[in-house]
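Visitor:
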Amino acid sequence: MLKLFNTLSRQVEEFTPIHPPKVGFYACGPTVYDRAHVGNHRANIFDDVLHRALLHEGFEVKFVMNITDVGHLTSDADEGEDKLEKGAKREKISVWDVAEKYTELFKADLKVLNVIEPDQWLKATDNISEQIALIKKLETKSFTYKTTDGIYYDTSKFPNYGKLARLNLEGQKEGARVEANKEKRNPTDFALWKFSPKGEKRQMEWESPWGIGFPGWHIECSAMSMKALGETFDIHTGGVDHIPVHHTNEIAQSEGATGKQFVKYWVHNEFLLVDNGKMSKSLGNAYTLDDISAKGFSPLAFRYYCLGAHYRSKLNFTWEGMQASQTALDDLLGRVAAMEGDAKIGCAEYEQKFFEAIDNDLNTPQALAVVWGLLKSDYPDPAKKASLLKMDEVLGLGLAGARVEEIDVPVDVQVLLDERQEARLAKDWKKSDELRKQIEASGFSVKDTSTGQEVGKIK
Ligand code: AMP
Ligand code: ZN
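Residues 5 to 463 (our numbering) are what the sequence shown spells out, left to right.
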């Protein structure tokens, strides 16, 4: 039975879907104005492990992800430039082309990270009328007010506003800085619809009952998740940064409009840090998968890196850590590739331990420890392999595709290998070791296995 930490209750709870075996699962996806960085991908890998764990439990999951292609302002609040418009200026192409370009790159990233594609993608700009309809509903229920720059949500009208983040609203009022927007009634109020600035034609703008403009960032997730999964659904994920504002506002919008509970389980991933600090463009450490590949590492090694930490712990990204993950993954893939024969029955004891770890709030570091324990055990290879492939349905490290790497061995190295083989047969260990050193000096590694010498290329 899968247990998950629910941000709403601050407890690990048994996961019981509203309409079993169906599970509705919504993940806050990317804002497509630039390449996703490895921090974003930590969130995607976490979503994927959760998705795979649910599938493994036999649930029929509908996994939905949004694409934010309008309305997300640079300040994450209601001020600043639209991130998409900013991207368009930077690249001197239209906003629509920026959105398309980075959506495609994002999807390509997910593929190489072995993330199962969502059952449905929802684009904010494809769902403008749904967002307007939801704002109208909130207006009818008197949750909204108008200012010179848009339609706002009055958070004082929603009982329990801030329950997800346990916000101290009184404290916020007392400590409020001078608001940039003096017309806001409460510091936590947020825009549902923003008017296009006077005298300026935005590339993305729509007619609405309140005037030409564009939706606020939060309304898209309420409107699209309820459209795809119903007014109350099972799981909503995102990074911890979304708890105090974005998800808090989604709850206020959805529950304000329907009067029903919006989401049963809120599950959040902690941040990926770089050199123990924040990842940011200005520091040049917002690495992308291209940066990872340029250093000779595989995207799946990054996935392995993420699995090595619990999703609710901060994880520090370093290039040394990346190297260690690549080495471990290569070792794992190499061992699986070398396993011959198939078995229907795996190693039940290890499988049980593995899935206990996964069921325990997705404890992937513990699950990986079970994998290495199994590799070291005395079980025969076919049984080990059967279990590892089952475990990989959740880990997603591509073990089923592991192949012994065909490498071109130059003639001079092959001669050394043949000599070493002879030395080993003659039990001349000293000579065998000398030859190994010569082979390694030529850039190749050699491992002795039950089936003979295994050659690899030193990276
Ligand atoms: P954004 O494109 O900024 O809306 O972010 C997409 C997703 O990535 C959200 O769920 C964020 O919470 C998450 N995210 C952003 N930065 C990080 C980070 N450094 N570590 C983990 N998750 C992150
Ligand atoms: Zn969202």
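Every residue gets a Cβ at the ideal spot worked out from N, C-alpha and C, and that includes glycine.
Measuring only the C-alpha atoms, how far is residue 406 from residue 420?
Guide: The residue you call residue 406 lines up with position 402 of the sequence shown. The residue you call residue 420 lines up with position 416 of the sequence shown. Distance between the alpha carbons of residue 406 and residue 420: 27 Å.
Visitor: Could you give the residue range of the alpha helix (DSSP H) that holds residue 103?
Guide: On the sequence shown, position 99 is the one that residue 103 refers to. Taken as a continuous stretch (DSSP letters only), the alpha helix (DSSP H) holding residue 103 covers 99 to 116.
Visitor: Using a 10 Å radius around the Cβ and a threshold of 16 neighbouring Cβ atoms, would you call residue 445 buried or exposed?
Guide: As a first step, residue 445 is located in the sequence shown; it is residue number 441 there, counting from the start. It counts as exposed.
Visitor: Pull up the distance between the alpha-carbon of residue 360 and that of residue 232, whole angstroms please.
Guide: Taking the first residue of the sequence shown as position 1, residue 360 is located at position 356. Taking the first residue of the sequence shown as position 1, residue 232 is located at position 228. Distance between the alpha carbons of residue 360 and residue 232 is about 32 Å.
Visitor: Look up residue 264 in the DSSP assignment and say whether it is helix, strand or coil.
Guide: For the purposes of this step, residue 264 is taken as the residue at position 260 of the sequence shown. Three-state DSSP puts residue 264 in coil, outside helix and strand.
Visitor: Considering only the alpha carbon of each residue, which of 408, 126, 434, 422 lies closest to residue 460?
Guide: Numbered from its first residue, the sequence shown carries residue 460 at position 456. Measuring from the Cα of residue 460, the nearest candidate turns out to be 408.
Visitor: Going by DSSP, what residue range makes up the alpha helix (DSSP H) through residue 192?
Guide: Position 188 of the sequence shown, counted from the start, is the residue given in the question as residue 192. From DSSP, residue 192 is part of no alpha helix (DSSP H); its letter is neither H nor E.
Visitor: May I have all residues whose beta carbon comes closer than 6 Å to any heavy atom of ligand 1, sorted in chain order?
Guide: The answer, residue by residue, is 32, 34, 35, 43, 44, 46, 47, 242, 243, 245, 246, 273, 275, 276, 283.
Visitor: Would you say the beta carbon of residue 70 comes nearer than 7 Å to a heavy atom of ligand 2?
Guide: For the purposes of this step, residue 70 is taken as the residue at position 66 of the sequence shown. Because some heavy atom of ligand 2 lies under 7 Å away, the Cβ of residue 70 counts as near it: yes.
Visitor: If you check the beta carbons only, do residue 388 and residue 378 fall under 8 Å apart?
Guide: Within the sequence shown, residue 388 is the residue found at index 384, counting from 1. Within the sequence shown, residue 378 is the residue found at index 374, counting from 1. Their beta carbons are under 8 Å apart, which means residue 388 touches residue 378 by this criterion.
Visitor: In this structure, does DSSP put residue 433 in helix, strand or coil?
Guide: Counting from 1 along the sequence shown, the entry for residue 433 is found at position 429. Residue 433 falls in the helix class under three-state DSSP.
Visitor: According to DSSP, is residue 248 helix, strand or coil?
Guide: Residue 248 sits at position 244 when you count from the first residue of the sequence shown. Residue 248: helix per DSSP, three-state reduction.
Visitor: Please name the residue in 426, 435, 418 whose C-alpha comes closest to that of residue 449.
Guide: Position 445 of the sequence shown, counting from 1, holds the residue named residue 449. Out of 426, 435, 418, 418 has the C-alpha closest to the C-alpha of residue 449.
Visitor: Residue range of the alpha helix (DSSP H) that residue 59 falls in?
Guide: Start at 1 with the first residue of the sequence shown, and residue 59 comes out as number 55. First-last of the alpha helix (DSSP H) with residue 59: 42 to 60.
Visitor: Please look up how many angstroms separate the CB atoms of residue 236 and residue 265, rounded, as I've assumed it's under 8 Å.
Guide: Within the sequence shown, numbered from 1, the residue matching residue 236 stands at position 232. Within the sequence shown, numbered from 1, the residue matching residue 265 stands at position 261. That pair is a contact at about 5 Å.
Visitor: At a cut-off of 7 Å, is residue 76 close to ligand 2 when judged by its beta-carbon and the heavy atoms of the ligand?
Guide: Position 72 of the sequence shown, counted from the start, is the residue given in the question as residue 76. Answer for residue 76: no, Cβ out of range of ligand 2.
Visitor: Rounded to whole angstroms, what's the CA-CA distance from residue 398 to residue 45? Just pull it up for me.
Guide: In the sequence shown, residue 398 corresponds to position 394, counting from 1. In the sequence shown, residue 45 corresponds to position 41, counting from 1. Spanning the two alpha carbons is a distance of roughly 17 Å.
Visitor: I'd like to check one pair, residue 42 with residue 275: are the Cβ atoms closer than 8 Å?
Guide: Numbered from 1 along the sequence shown, position 271 holds the residue referred to as residue 275. Numbered from 1 along the sequence shown, position 38 holds the residue referred to as residue 42. It is not a contact, given that the beta carbons lie outside the stated cut-off.
Visitor: Tell me which residue opens and which closes the alpha helix (DSSP H) that residue 359 is part of.
Guide: Position 355 of the sequence shown holds residue 359. Taken as a continuous stretch (DSSP letters only), the alpha helix (DSSP H) holding residue 359 covers 352 to 363.
Visitor: Is residue 225 near ligand 4, judged by its Cβ being under 7 Å from some heavy atom?
Guide: Annotation note on ligand 4: not contained in the displayed structure, which lists ligand 1 and ligand 2 as its ligands.
Visitor: Please determine whether the Cβ atom of residue 250 lies at a distance below 7 Å from any heavy atom of ligand 2.
Guide: Along the sequence shown, one-based indexing puts residue 250 at 246. Correct: residue 250 has its Cβ closer than 7 Å to ligand 2.
Visitor: Run through DSSP, which three-state label would residue 70 get?
Guide: Along the sequence shown, read from residue 1 onward, the residue named residue 70 stands at position 66. Reduced to three states, the DSSP call for residue 70 is strand.
Visitor: In this structure, does DSSP put residue 391 in helix, strand or coil?
Guide: Here residue 391 corresponds to residue number 387 of the sequence shown, with the count starting at 1. Correct three-state label for residue 391: helix.
Visitor: Taking its Cβ as the centre, do 16 or more other Cβ atoms sit within 10 Å of residue 14, making it buried, or is it exposed?
Guide: Here residue 14 corresponds to residue number 10 of the sequence shown, with the count starting at 1. Answer is exposed; the Cβ neighbour count stays below 16.
Visitor: How would you write the range of the alpha helix (DSSP H) that residue 330 sits in, first residue to last?
Guide: For this step, residue 330 is matched to residue 326 along the sequence shown. Start and end: 323 to 342.
Visitor: DSSP three-state label for residue 211, please.
Guide: For the purposes of this step, residue 211 is taken as residue 207 along the sequence shown, with counting starting at 1. Here residue 211 sits in coil by DSSP.
Visitor: Would DSSP call residue 274 helix, strand or coil?
Guide: Taking the first residue of the sequence shown as 1, we reach residue 274 at position 270. If DSSP states are grouped into helix, strand and coil, residue 274 belongs with coil.
Visitor: Put residue 255 into one of helix, strand or coil per three-state DSSP.
Guide: Along the sequence shown, one-based indexing puts residue 255 at 251. In this structure, residue 255 counts as helix in the three-state DSSP scheme.
Visitor: Going by the CB atoms, is the gap between residue 159 and residue 193 shorter than 8 Å?
Guide: The residue you call residue 193 lines up with position 189 of the sequence shown. The residue you call residue 159 lines up with position 155 of the sequence shown. Result yes, Cβ atoms of residue 193 and residue 159 sit closer than 8 Å.
Visitor: Would you mind stating whether residue 1 and residue 208 have Cβ atoms separated by less than 8 Å?
Guide: Residue 1 falls outside the range modelled here, since the chain spans only 5 to 463, and no answer is possible.
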